[in-house]
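Residue numbers (the working numbering), protein chains in the order written: chain A, 163 to 394; chain B, 60 to 244. Cβ coordinates follow ideal geometry from the N, Cα and C atoms, glycine included. Here the structure is a predicted model, which means the values were calculated and not measured.
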Amino acid sequence: MRMTSAGSHRIESVMQWFEDGMEEGENGILVYPNMQTFREIYMQYAKDQLVAREEQKENEDNNNDDYHDNNNRHKEQLLMPRIILIATFYDTVNAVKHNLSAVGVDVQSHIDDGSLLIVDAYDGYYPNINGMKMLVKSLSDRARKEGRIGVSVISNMGFFFLYDGDGDASELISYETSLPSKTDGGNVRGLSCYHTRDYENLDDSQKKELDTQGQKKSLEVTESAAYVAFDA
Amino acid sequence: MQGLPSLPVVVRLLLSGKERKDKDTHSNKNKYYEGLNRNRSNEEHSNEDNKDDKPLANLLIVDDDPDIAQVLEQGFLKNSFLVSTFTNPEEALKNFQSNSEDYCLMLSDIRMPGISGIKLARKVKEINPKVKVILMTSFEIKDNEFSKVFPSTQVDGFVQKPIQIKDLTNKILDIIGESKRRVYQ
């Protein structure tokens, strides 16, 4: 499937793709054109998931006392939002916190209630390349215990381009292909995010290997404020 | 010891435009020399001893954060360095490949998309081993972060951002062997 969008709807379109196009248990690939776009994506997503949900809950508390009695499941979901994990690489953890605060996310309170985690992707992949997977697994387990809808992972993959020599993307491909395109019954939506300058270091065959021969959903956001999505 | 003189205003204005990023900065360099020459010509008879306007060294600065790149560029220009600044490491490498003999030191951020500072350092050293390299990062410098690349990549120094220009200048002067001159303001 190929879609195009433009202008101020760009980030909203990405949100829609992530929210509606990707199911629970799926891992996808996002290629972003510059850091500002990547920032806008995680800021908007966190805002939609944490701030908007909070506002919705407040409105429902105020306007409809009977609502929750009849919609316990919905209430639970409002009370216990998804866990959002942002693994940053080119921005510091503090910079991400600052950016989220700027769009109205009460960062510390969401960190404290376990709804938000911001980590340096470096620590997730080094020295143990599977560190991030172990972290996500623990979050997935916790989400189930706490009755949350699931976990969303927005992970910057810049780490894999820090050391590798020219054309040697074996570690990255090995890691990315170890993430299944879909896990039945899974509660994690994972997004591996690549800066286009990193992504363009890969040749065509490496790019194909990366999305497990087209099985993973992928989205390329372009500089020209339009995007093209190639869905599996 | 006296403070180093700042560059002629006209030169700093020429180099301070936002549009300077990721462009061939050799034009900047030429303007720098034009500015210096103009300055020398004007003041030749009034200030015979003014030899401090000779650039201390030619630096290649690479940081994908335009704000940091700009602050560094202006700070080093003010301290009489000749600088070429890039926010795109690929453009920086292209420039270096063509002009490697012009530079004596590269100051580069580590985490940059496209070519990381570590890879850039490796390539710069391959092209011209005489060029010194300082890597900088906003992240905590962890020993294990560099154990993976050393000794395969020879780097002459690391700095953690934020860092004051005067401290960075002194570190650069130490590394390039110009330690007699210090910046106190």
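Reduced DSSP category for A/Leu341 - H, G, I as helix; E, B as strand; rest coil: Start at 1 with the first residue of the first sequence, and residue 341 of chain A comes out as number 179. Three-state result, A/Leu341: coil.
Euclidean distance between Cα positions of B/Gln133 and B/Leu179: Indexing the second sequence from 1 puts residue 133 of chain B at position 74. Indexing the second sequence from 1 puts residue 179 of chain B at position 120. CA-CA distance, B/Gln133 to B/Leu179, rounds to 23 Å.
Same chain, Cβ closer than 7 Å to B/Ile235, neighbours up to 5 away in sequence not counted: One-based indexing of the second sequence puts residue 235 of chain B at position 176. Hits under 7 Å: Ala116, Cys163, Leu164 and Lys191.
Chain A contact for B/Asn89 (CB, 7 Å cutoff): The residue you call residue 89 of chain B lines up with position 30 of the second sequence. Residue placement at B/Asn89 is poorly supported in this model, since its pLDDT is 35, which falls under 50; the coordinates still yield a value, given next. Contacts with chain A at 7 Å (Cβ-Cβ) do not include B/Asn89.
Within 7 Å of chain B by C-beta, residues of the region 250 to 279 of chain A in sequence order: Under the 7 Å Cβ criterion, the region 250 to 279 of chain A contributes Phe251, Tyr252 and Thr254.
From B/Thr196, B/Pro221, B/Gln156 and B/Ala151, residue whose alpha carbon lies closest to that of B/Val121: For the purposes of this step, residue 121 of chain B is identified with residue 62 of the second sequence, where counting begins at 1. Among B/Thr196, B/Pro221, B/Gln156 and B/Ala151, the Cα nearest to that of B/Val121 belongs to B/Ala151.
Continuous alpha helix (DSSP H) stretch holding B/Thr228: start and end: The residue you call residue 228 of chain B lines up with position 169 of the second sequence. Unbroken alpha helix (DSSP H) run through B/Thr228: Ile224 to Ile235.
Buried or exposed by the 16-neighbour rule on C-beta atoms within 10 Å, applied to B/Lys153: Residue numbering aside, residue 153 of chain B sits at position 94 when the second sequence is read from its first letter. B/Lys153 is exposed by the Cβ-count criterion.
Unbroken stretches of the alpha helix (DSSP H), 4 residues or longer, contained in the region 252 to 292 of chain A: Those alpha helix (DSSP H) runs which fall completely within the region 252 to 292 of chain A and span 4+ residues are 255 to 264, 269 to 274 and 283 to 287.
In DSSP terms, what A/Ala471 is bridged to: Here chain A comprises residues numbered 163 to 394, so residue 471 of chain A is not present and cannot be evaluated.
Between the CA atoms of A/Tyr361 and A/Ser263 - distance to the nearest angstrom: Counted from its first residue, the first sequence places residue 263 of chain A at position 101. Counted from its first residue, the first sequence places residue 361 of chain A at position 199. Here the C-alpha atom of A/Ser263 lies approximately 29 Å from the C-alpha atom of A/Tyr361.
Backbone CA spacing between A/Phe200 and B/Leu131 [nearest angstrom]: Sequence index remark: in the first sequence, residue 200 of chain A carries index 38 (1-based). Sequence index remark: in the second sequence, residue 131 of chain B carries index 72 (1-based). When rounded, the distance between both Cα atoms is 25 Å.
Exposure of B/Ile222, with buried meaning 16 or more beta-carbon neighbours within 10 Å: Numbered from its first residue, the second sequence carries residue 222 of chain B at position 163. It counts as exposed.
Segment contact, 8 Å Cβ cut-off, at least three pairs: the region 291 to 307 of chain A with the region 188 to 197 of chain A: Short answer: they don't touch.
Straight-line gap, A/Glu181 to A/Gly190 (C-alpha atoms, nearest Å): Taking the first residue of the first sequence as 1, we reach residue 181 of chain A at position 19. Taking the first residue of the first sequence as 1, we reach residue 190 of chain A at position 28. So the two alpha carbons sit approximately 12 Å from each other.
A/Asn196 - DSSP class collapsed to helix/strand/coil: On the first sequence, position 34 is the one that residue 196 of chain A refers to. Note: A/Asn196 maps to coil in three-state DSSP.
Cutoff 7 Å: B/Ser197 Cβ touching any chain A Cβ: Walking along the second sequence from the start, residue 197 of chain B turns up at place 138. True, the Cβ-Cβ gap to chain A drops below 7 Å.
The region 346 to 357 of chain A touching the region 274 to 288 of chain A, judged by at least three CB pairs closer than 8 Å: Contact between the region 346 to 357 of chain A and the region 274 to 288 of chain A is absent, because fewer than three Cβ pairs lie under 8 Å.
Candidates A/Val267, A/Gly347, A/Arg359 and A/Gly376, of which the one nearest A/Glu338 by Cα: Stepping through the first sequence from its first residue, residue 338 of chain A is reached at position 176. Of all alpha-carbon atoms in A/Val267, A/Gly347, A/Arg359 and A/Gly376, the one lying nearest the alpha-carbon of A/Glu338 is that of A/Gly376.
Endpoints, beta strand (DSSP E) assigned at B/Thr144: Taking the second sequence and counting its residues from 1, the one referred to as residue 144 of chain B is at position 85. Leu141 to Phe145 is the span of the beta strand (DSSP E), which, as asked, contains B/Thr144.
Residue span of the beta strand (DSSP E) that contains B/Phe217, given as start and end: Against the second sequence, residue 217 of chain B aligns to sequence position 158. Gly216 to Gln219 is the span of the beta strand (DSSP E), which, as asked, contains B/Phe217.
Simplified DSSP state of A/Val383, which is helix, strand or coil: Start at 1 with the first residue of the first sequence, and residue 383 of chain A comes out as number 221. Here A/Val383 sits in strand by DSSP.
Unbroken beta strand (DSSP E) run spanning B/Leu119, endpoints: Walking along the second sequence from the start, residue 119 of chain B turns up at place 60. Note, B/Leu119: beta strand (DSSP E), Asn117 to Val121.
For A/Gly276, the nearest candidate out of A/Leu247, A/Thr374 and A/Leu381 (CA to CA): Here the question's residue 276 of chain A lines up with position 114 in the first sequence. If we check each option's Cα against that of A/Gly276, A/Leu247 comes out closest.
Residue environment, B/Ile200, which counts as buried when at least 16 other CB atoms sit within 10 Å: Counting from 1 along the second sequence, the entry for residue 200 of chain B is found at position 141. Its Cβ having fewer than 16 others within 10 Å, B/Ile200 is exposed.
Assigned exposure category for A/Glu202 - 16 Cβ within 10 Å defines buried: Working through the first sequence from its first residue, we reach residue 202 of chain A at position 40. By the beta-carbon neighbour count (other beta carbons within 10 angstroms, threshold 16), A/Glu202 is buried.
Nearest-angstrom beta carbon gap, A/Met242 and A/Glu308 [assumed within contact, 8 Å]: In the first sequence, the residue the question calls residue 308 of chain A occupies position 146. In the first sequence, the residue the question calls residue 242 of chain A occupies position 80. Contact flag correct, Cβ pair sits at about 6 Å.
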